[in-house]
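Residue numbers (my numbering): 48 to 318.
Here a beta-carbon is modelled for each residue, glycine too, at the ideal position from N, C-alpha and C.
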């Protein structure tokens, strides 16, 4: 339980805390959380794009693993874009984890995100999770994705003792059924790393993200905007943006600028 001096301060998955009391875990014992240490990173979301209330999903994670099924259900890039924005805003490194590659070729989806340089790993049903485990080793990683993309199945392969409930995809709606109902932090066997399994989501509000801060996640693009006029949003509609000048001069590819602007548009739609 929390000690009274903490007041309304929330304690979330991933928090580092100081505890006093009996920490044996035996029945009838009591321990109290008396301090929440400063968070290194905070992954936030809002319920929707008009909700001003931020909700902390996980604290102190350093990698956001966006789990996307290549088929069954079909990939929805809107959530991927928004998850990337949230990761960059939180100071976390993103990783695309593409599942069910036995059902569809990952090439087209990878081509969409290649200009942003987002790292990725591809897996298929029933395969050895070794390549995914290698990407998670020694890190604290949050797994995020729509219901039905194979997230809980992946967690069970990585941590067999987790026994997370898995579900199927509705044949009519093409959407998965919620199986995980709360975030759960699990230690990777034989590794100092941790994974956080989160409930499947259908929306990811970005009302808390300032579009002006997104450019800072891309140092090469930020350098090109140094000469932009005050108030330049760096969107495609801006008449004299340094990003367009960079493309014209060959300093940056048009594909990378277009990919950045797609992420920017996903946030600007929220405002």
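(request) Return the first residue and the last residue of the alpha helix (DSSP H) that residue 295 is part of. (result) Within the chain shown, residue 295 is the residue found at index 248, counting from 1. Counting along the chain, the alpha helix (DSSP H) containing residue 295 begins and ends at 289-296.
(request) Label residue 259 either buried or exposed according to how many other C-beta atoms from any shown protein chain fall within 10 Å of its C-beta, with 16 as the threshold for buried. (result) Your numbering for residue 259 matches position 212 in the chain shown. Exposed.
(message) With H, G and I counted as helix, E and B as strand and the rest as coil, what does DSSP make of residue 66?
(response) Walking along the chain shown from the start, residue 66 turns up at place 19. Strand, per DSSP.
(message) Taking only three categories from DSSP, how would you classify residue 198?
(response) The residue you call residue 198 lines up with position 151 of the chain shown. Looking at residue 198 - three-state DSSP - the assignment turns out to be helix.
(message) Can you find the residues in the same chain that come closer than 7 angstroms, C-beta to C-beta, to residue 56, ignoring five residues on each side of it along the sequence?
(response) The count along the chain shown starts at 1 and reaches residue 56 at position 9. 83, listed in sequence order.
(message) Using the Cβ count rule (16 or more neighbours within 10 Å means buried), how would you classify residue 71?
(response) Against the chain shown, residue 71 aligns to sequence position 24. It is exposed - the Cβ of residue 71 has fewer than 16 other Cβ atoms within 10 Å.
(request) Can you give me the Cβ contacts of residue 255 inside the same chain, cut-off strictly under 6 angstroms, excluding the 5 residues immediately before and after it? (result) Mapped onto the chain shown, residue 255 falls at position 208. Contacts found: 91, 93, 101.
(request) Give me the Cα-Cα distance between residue 142 and residue 48, rounded to the nearest whole angstrom. (result) Indexing the chain shown from 1 puts residue 142 at position 95. Indexing the chain shown from 1 puts residue 48 at position 1. Between residue 142 and residue 48, the C-alpha separation is close to 34 angstroms.
(request) Would you mind giving the Cβ-Cβ distance between residue 243 and residue 115, rounded to the nearest angstrom? I have them listed as a contact below 8 angstroms. (result) If you number the chain shown from 1, residue 243 lands on position 196. If you number the chain shown from 1, residue 115 lands on position 68. That belief does not hold up - the Cβ atoms of residue 243 and residue 115 are roughly 17 angstroms apart, past 8 angstroms.
(message) Let me check understanding here. Comparing Cα to Cα, which of 193, 150, 145, 187 lies closest to residue 178?
(response) Sequence index remark: in the chain shown, residue 178 carries index 131 (1-based). The shortest Cα separation from residue 178 among 193, 150, 145, 187 belongs to 145.
(request) Report the option in 275, 286, 117, 132 whose CA atom is closest to the CA atom of residue 307. (result) Sequence index remark: in the chain shown, residue 307 carries index 260 (1-based). It is 132.
(message) Just to confirm, is the Cβ distance from residue 270 to residue 135 under 7 angstroms?
(response) Taking the first residue of the chain shown as position 1, residue 270 is located at position 223. Taking the first residue of the chain shown as position 1, residue 135 is located at position 88. No; because the gap between Cβ atoms is not below 7 angstroms, this pair is not in contact.
(request) Give the straight-line distance between the Cα atoms of residue 290 and residue 310, rounded to the nearest whole angstrom. (result) Numbered from 1 along the chain shown, position 243 holds the residue referred to as residue 290. Numbered from 1 along the chain shown, position 263 holds the residue referred to as residue 310. About 15 angstroms.
(request) Take residue 221 and list the residues in its own chain whose beta-carbon comes closer than 6 angstroms to its own, dropping the five residues that flank it on each side. (result) Translated into the one-based positions of the chain shown, residue 221 becomes position 174. Note that residue 221 scores 46 on pLDDT, short of 50, meaning its location in the model is unreliable; the coordinates nonetheless yield the value given after this. Once the five neighbours on either side are set aside, the close Cβ partners of residue 221 are 120.
(request) May I ask which residues mark the beginning and end of the alpha helix (DSSP H) holding residue 181? (result) The residue given as residue 181 occupies position 134 in the chain shown. Residue 181 -> alpha helix (DSSP H) spans 177-183.
(message) For residue 80, which residues in the same chain have their Cβ closer than 8 angstroms to its Cβ, ignoring the five residues on either side in sequence?
(response) By one-based count along the chain shown, residue 80 stands at place 33. Once the five neighbours on either side are set aside, the close Cβ partners of residue 80 are 48, 49, 50, 53, 58, 64, 65, 66.
(message) At the level of alpha carbons, what is the spacing between residue 209 and residue 190?
(response) Your numbering for residue 209 matches position 162 in the chain shown. Your numbering for residue 190 matches position 143 in the chain shown. C-alpha separation (whole angstroms): 14 angstroms.
(message) Measuring only the C-alpha atoms, how far is residue 75 from residue 68?
(response) What you label residue 75 is simply residue 28 of the chain shown in a count that begins at 1. What you label residue 68 is simply residue 21 of the chain shown in a count that begins at 1. In a straight line, the C-alpha of residue 75 is about 12 angstroms away from that of residue 68.
(message) Between residue 252 and residue 98, how many whole angstroms is the CB-CB distance? I'm expecting something under 8 angstroms.
(response) Taking the first residue of the chain shown as position 1, residue 252 is located at position 205. Taking the first residue of the chain shown as position 1, residue 98 is located at position 51. 6 angstroms between Cβ atoms; contact.
(message) Can you tell me whether residue 140 is helix, strand or coil according to DSSP?
(response) The sequence position of residue 140 within the chain shown is 93, counting from 1. Residue 140: strand per DSSP, three-state reduction.
(message) Out of 111, 113, 89, which one is the CA nearest neighbour of residue 103?
(response) For the purposes of this step, residue 103 is taken as the residue at position 56 of the chain shown. That would be 89, whose Cα lies nearest to the Cα of residue 103.
(request) Drop a sphere of 10 angstroms on the beta-carbon of residue 217, count the other beta-carbons inside from all chains shown, and report buried for 16 or more, exposed for fewer. (result) Position 170 of the chain shown holds residue 217. With a pLDDT of only 42 at residue 217, under the threshold of 50, the placement of this residue in the model should not be trusted, and no figure is reported.
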